[in-house]
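Protein chains in written order, with the numbering used here: chain A, 1 to 418; chain B, 1 to 296; chain C, 1 to 298.
Note that the Cβ used here is the ideal one computed from N, Cα and C, for glycine as well.
It should be emphasised that the depicted structure is a prediction, and the values quoted were computed from it without experimental measurement.
Here is the structure we will look at, set down as structure tokens.
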């Protein structure tokens, strides 16, 4: 009997031993973030900060490959390992994590930006940077084809440029005119059903005019505007490489552009580091997604996501977390991290550094010029862009049926309108 | 032998306790949740009756996933068993390297669905497309998993590749238990190879069919890992007037409903339906096979 | 055995039908090559750079030493801790197996030897629960583990002991079933003799019964081991895709995230995930095949 008991205990001990021990001496601020491309930079920055700051250790965890961040966060909540600083992308995350968002209205960094996130008056989100997208172009190829990107401000101008380039494909060494992907399984659904479609929500409107998107959420979509957008999208599809369009992944999409096999790409300034990595030396810039004849040079610019501080962390941790964000926004070291190391376009006014990448520079210029458009896709319900719009956008690539697309999108919004 | 009740209890306690905590209690909670509006985050849970169950059959993606899963299962049950039966005949014949062959056919089964899924995604999207382009083979130039008409077949192909070796070994075990004298006698009677297989061998391994059909049926029906890593549901297609994902099987639809859309209760209701259908199908299959065994 | 050269179960191709045998040889060789091809592709492409793979997926690598560069890249990747995933997978598999085998044997033995109504009931409960698919219990399980963990003050999610406990719950019904069948065939006389010699019930089990079960353990270990090593959904739910404890399948999916598909790293990590299990197979091929087939037949 005693032998048995000891065996049972030993087995229990064996199991118990393996429990992860939690040790904490310093105030440990855990950051959980989803931008793989800035992982190295922010980890190094957090390390510098921890070394320079007594009693505080900031550790960064990045979700590999930009996988299901919301799901990972839910798992962390379920297992009581919520981070002290995490990210939300907009209203969807706000609604879900409302109870977890600390009020930062009095934080020092708030005074240095207009782009903080405060959907209900109190400031909860720290803009990690500004990102923007449009129709990216390869200036070298356009020049060879005799096209001035500054003239691509209307639908017909863009269309004419596409036709011209398509006719010169062999001469210019192009596979296709534009590099665009829409595959749900290849993980490129967001390129079209979030970003390109944002042109429909925001294009040709004032920066803070959310009427088109508000109406869409009510199930009311302007058929004419949507059809115009659908025709524009179909044009992008028609002038793209079908292998990448329905089959490709992110790597394939940006590699084709970086290797000069396409003249345009539907991406944002976040591809700057990859362009450098892939050895693209040509000049690059953005034109607007022109789906109407109205003149426009606006880009789609907004903070893609916000750092939020976990209101359920201990008060010391919350304070240490806000200090860390202040340091990021307001010190030279923080600016160096944001601009030079992470390659972001900062949302803070005190920053004087210029980002290194061409696309990011184009954003800074566009920002100074004005006439840009906001982002609204982040306000759609959780999973809607990927699971409902994603297949609709992919379907247009296979069947090319604009009318069905317009009906599908309208029905999709009506199904969530209540 | 005298047994002490408390010792007996102590002996079975760990298993029974884990079993209760991990399967029985969650199973009960799950049935309850399927009748509520549980969303996974909100702590307040309201009872809603059968709303989740009636709603799912109006949802094109679910109806499609349901049918696709039945189709996928049917294809697999036939394909896996035909291939593995042929393999088992081949490797029980007088071949030189038969042990090597057995091992080779068996190996894919040791590798997990996630790893296999990525490997085959690579094969379909890169290798075959590449070959199609180089050799000018038309149908290969477009990836088989990017076409709604071929994607389920492509998945079945991978599943067969993974599973056939295992099923083959079960047939091999059954065939090896047949006394050689029986087959010998038949060949002396002058029956040709195929007649011997059909008349003598197949009836004698009837109980192996019960097992293999059961395994392939339940395995295909529950497919998730391979589905996730190979296609993640794509490509898109139109069904009941809506754009949906053409290779999203039931298990994946359940997972996506819960995780991507925060509709936990609906996902749970789908899982309950999934469970009932699976039980009905597998019980029916075993019943039919058992009757056949007796007839044989 | 009826004839000298033909063993039981051998289906004769020969006797005046030599061509049939040749057709069989060719067919099986062809199938074998097709079955092995994907593995060959993994090995070839693990030794290429991402760029080489994009250029051609079938050509041989420029330099085989690239495979070491890729392996290094995997083990030093900033977002995926492959080393610890490897260790975690190993630890989880080994401890789960030890726990499953040990407790299932205890349970099965009592269920066989204690012939009462409740032992039959418990056994039937184990057997009938085998039809419950994982999908039905997975979401409530996570929530229940959270509640349970809070109640006992020991978190079950994202911990080793939590997932080991879950594996015991999922693994024990089949294991008890297999061991139950085996123990039924063990003669009771041995145990009775031990009792007469003054052995306690516990000693009888540990010193007499347990060693006798060794052949059945092989089956149980292999069936559960392959399942646990390759399992994806349970670790995903219990450990989370970004928890501190990670397994190899979770790590592999991290390389294949939704935005970026680094084929050089995915294929190399797939290769690394396969190697231990294939090496094990080469050494214990007979037991593995026997174990898995017996597990299915019973």
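Query: Compute the Euclidean distance between the alpha carbons of residue 71 of chain B and residue 42 of chain C, then round it to the nearest angstrom.; Result: 30 angstroms
Query: Quick one: list the residues of chain F neighbouring residue 133 of chain C, beta-carbon separation under 7 angstroms, in chain order.; Result: Annotation note: the requested chain F is absent from the structure, which comprises protein chains A, B and C.
Query: Which residues in the same chain have their Cβ closer than 8 angstroms to the Cβ of residue 241 of chain C, if we skip the five residues on either side of it in sequence?; Result: 250, 253 and 254
Query: Going along chain A, which residues have a C-beta under 9 angstroms from residue 159 of chain B?; Result: Going along chain A, no residue has its Cβ under 9 angstroms from residue 159 of chain B, so there is no contact; the nearest lies around 17 angstroms.
Query: Exposed or buried, what is residue 245 of chain B when buried is set at 16 or more other beta-carbons lying within 10 Å of its beta-carbon?; Result: buried
Query: Listing by chain order, which chain B residues have their CB less than 7 angstroms from the CB of residue 452 of chain A?; Result: This structure cannot speak to residue 452 of chain A, because chain A is shown only from 1 to 418.
Query: Quick one: does residue 153 of chain B have its CB under 8 angstroms from some CB of chain C?; Result: no
Query: Measure from the C-beta of residue 66 of chain A to each C-beta in chain B and report whether the shortest distance is under 8 angstroms.; Result: With a pLDDT of 42 at residue 66 of chain A, under the threshold of 50, the modelled position of this residue cannot be trusted; read the value that follows with caution. With 8 angstroms as the cut-off, residue 66 of chain A does not count as an interface residue toward chain B.
Query: Is DSSP giving residue 146 of chain A helix, strand or coil here?; Result: coil
Query: Between which two residues does the alpha helix (DSSP H) containing residue 69 of chain A stretch?; Result: 69 to 78
Query: Taking three-plus beta-carbon pairs below 8 angstroms as touching, is the segment 99 to 108 of chain B in contact with the segment 164 to 183 of chain B?; Result: yes
Query: What's the call for residue 191 of chain C, buried or exposed, on a 16-neighbour Cβ count within 10 Å?; Result: buried
Query: Nearest chain B C-beta to residue 216 of chain C closer than 8 angstroms, yes or no?; Result: no
Query: Mapping the DSSP letters down to three states, classify residue 22 of chain A as helix, strand or coil.; Result: Reliability fails at residue 22 of chain A, whose pLDDT of 41 lies under 50, so the model's placement of it is uncertain and no value is given.
Query: So what's residue 27 of chain A in DSSP terms, helix, strand or just coil?; Result: strand
Query: At 4 residues or longer, and completely inside the segment 287 to 341 of chain A: list those alpha helix (DSSP H) runs for me, N to C.; Result: 315 to 330 and 332 to 335
Query: Can you tell me where the alpha helix (DSSP H) holding residue 152 of chain B begins and where it ends?; Result: 151 to 176
Query: Give me the chain A residues within the contact set of residue 299 of chain C, using Cβ-Cβ distance strictly less than 7 angstroms, ordered along the chain.; Result: As shown, chain C starts at 1 and ends at 298. That puts residue 299 of chain C outside it, with no answer to give.
Query: Helix, strand or coil: which one does DSSP assign to residue 132 of chain A?; Result: strand
Query: I need the DSSP call for residue 218 of chain C, collapsed to helix, strand or coil.; Result: helix
Query: Residue 288 of chain C: which of C/156, C/100, C/199 and C/223 sits nearest, CA to CA?; Result: C/223
Query: Please check the pair residue 396 of chain A and residue 234 of chain A, which I expect to be a contact at CB under 8 angstroms, by giving their CB distance rounded to whole angstroms.; Result: 6 angstroms
Query: Just to confirm before moving on: does the CB-CB distance between residue 340 of chain A and residue 325 of chain A stay below 8 angstroms?; Result: no
Query: Take residue 5 of chain A and list the residues in its own chain whose beta-carbon comes closer than 8 angstroms to its own, dropping the five residues that flank it on each side.; Result: Residue placement at residue 5 of chain A is flagged as unreliable, the pLDDT there being 47, under the threshold of 50; a coordinate-derived value is accordingly withheld.
Query: Only counting runs of 4 or more residues, tell me where the alpha helix (DSSP H) segments fall wholly within the segment 93 to 136 of chain B, in order along the chain.; Result: 98 to 106, 113 to 122 and 129 to 135
Query: Measure the beta-carbon distance from residue 351 of chain A to residue 363 of chain A and round it to whole angstroms, keeping in mind my assumption that it falls under 8 angstroms.; Result: Going by Cβ atoms, the distance from residue 351 of chain A to residue 363 of chain A rounds to 13 angstroms, so no, they are not a contact pair.
Query: List in chain order: all unbroken alpha helix (DSSP H) runs of 4+ residues lying wholly within the segment 181 to 228 of chain B.; Result: 193 to 196 and 206 to 221
Query: Taking the alpha-carbon positions, what's the residue 110 of chain A to residue 127 of chain A distance?; Result: 10 angstroms
Query: Give, in chain order, every residue of the segment 237 to 258 of chain A whose Cβ lies closer than 9 angstroms to some Cβ of chain B.; Result: 242, 243, 246, 247, 248 and 249
Query: Where do the N-terminal and C-terminal ends of the beta strand (DSSP E) with residue 239 of chain B fall, by residue?; Result: 236 to 239
Query: Suppose only complete runs of 4+ residues qualify. What are the alpha helix (DSSP H) ranges in the segment 42 to 81 of chain B, listed by chain order?; Result: 51 to 56
Query: Give me the DSSP bridge partner(s) of residue 242 of chain B.; Result: B/239
Query: Give me, in chain order, the residues of the same chain whose beta-carbon lies closer than 7 angstroms to that of residue 270 of chain C; leave out the 5 immediate sequence neighbours on both sides.; Result: 42 and 252
Query: Could you give the DSSP three-state label for residue 138 of chain A: helix, strand or coil?; Result: strand
Query: Relative to the C-alpha of residue 331 of chain A, which residue among A/83, A/315, A/348 and A/317 is closest?; Result: A/348
Query: Apart from the five residues just before and just after residue 77 of chain C, which ones in its own chain have a Cβ nearer than 8 angstroms to its Cβ?; Result: 255 and 265
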